[in-house]
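Participant:
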DNA sequence: CTGACGATTCACT
DNA sequence: GTGAATCGTCAGC
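Residue numbers (the numbering used here): 27 to 237.
#1: Have a look at 68, 226, 208, 175 and flag the residue whose alpha-carbon is nearest the alpha-carbon of residue 110.
#2: Straight-line CA distance for residue 108 to residue 156?
#3: Identify the continuous alpha helix (DSSP H) that holds residue 151 and give its terminal residues.
#4: How would you call residue 73, buried or exposed, if buried means at least 16 neighbouring beta carbons within 10 angstroms?
#5: Excluding sequence positions up to five away, which residues of its chain have a Cβ less than 6 Å from the Cβ of residue 218?
#6: By a C-beta neighbour count over all protein chains shown, 10 Å radius and 16 as the cutoff for buried, is residue 60 buried or exposed?
#7: Kindly list the residues whose CB is nearer than 7 Å to the CB of residue 190, restricted to its own chain and excluding five residues on each side of it in sequence; keep chain order.
#8: If we require 3 or more residues per run, which beta strand (DSSP E) segments fall completely within the segment 164-205?
#9: Does the structure place the segment 159-169 close enough to the segment 128-140 that three or more beta carbon pairs sit under 8 Å?
#10: Might you give, ordered along the chain, the residues of its own chain that have their beta carbon closer than 8 Å to the beta carbon of residue 158, omitting 5 neighbours on each side?
#11: For residue 43 versus residue 106, is the C-beta spacing smaller than 8 Å?
#12: Give me whichever residues DSSP pairs with residue 71 in a beta bridge.
#13: Could you tell me whether the Cβ atoms of residue 76 and residue 172 are closer together than 8 Å?
#14: Going by alpha carbons, who is nearest to residue 153 out of 48, 139, 169, 141?
#15: In terms of residue numbering, what span does the alpha helix (DSSP H) encompassing residue 49 cover?
#16: Between which residues of its own chain and residue 186 is the CB-CB distance below 7 Å, once the five residues before and five after are set aside?
#17: By the DSSP assignment, the beta strand (DSSP E) with residue 222 in it spans what residues?
#18: Sort 40, 45, 50 by Cα distance to residue 239 and report the nearest one.
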């Protein structure tokens, strides 16, 4: 996958997010571009790894059993906003909220391929040079793109954060579905094939997929 | 108010 | 492979 822009960015419309099949949306987000512009600085990355969290019936989801708390309330919003929360007291994890109001679906973005603003991403992460660790893993994605828990609930169709389609197509044969990462507590739901990756992309987290 | 813990990462053995 | 870092969230008292 080349880190080049195929054509002008087209901001994904709300209709993309408000559909009911979050697993399908997670798959379709592969190849799309996250664009953030904070304090006038733009950084972008192409999504290469996602995970679907399938609402009230998904034991791995924070919204399992329709649990509404101050933190999870944003997951119950109308699709098209960001759900960002703090994990292990350190990492800010970025999710895309989907479906309609009161149906708490979300897609966790686990890895992107850096495109624009790599110098700024290096500054934010304190890394010296570009390598796959810059945006591999959900904590690193947020750090590089400048996404913080303060951005939870923020619109994904505004100017500060949005997701764009530049016409790039990930070949269906290059997409693989696997179990989600770090959700062992979810019992049988941990086995669901809700994680999507672009095969052989160096920015995808976890161990290399066996053939 | 208190304590346990997490959709992780990184350094170290 | 193992363990520490680090703090907001949440259930329970």
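Beta carbons: idealized from backbone N, C-alpha and C, even for Gly.
Model, not experiment: these values are computed from the prediction.
Facilitator: Taking the structure as given:
#1: 175
#2: 26 Å
#3: 144-151
#4: buried
#5: none
#6: buried
#7: 35, 36, 37, 38, 58, 59, 61
#8: 187-191, 201-204
#9: yes
#10: 228, 229
#11: yes
#12: 60, 140
#13: no
#14: 169
#15: 48-54
#16: 62, 63, 64, 180
#17: 221-224
#18: Missing from the structure shown is residue 239; the chain here goes from 27 to 237 and no further.
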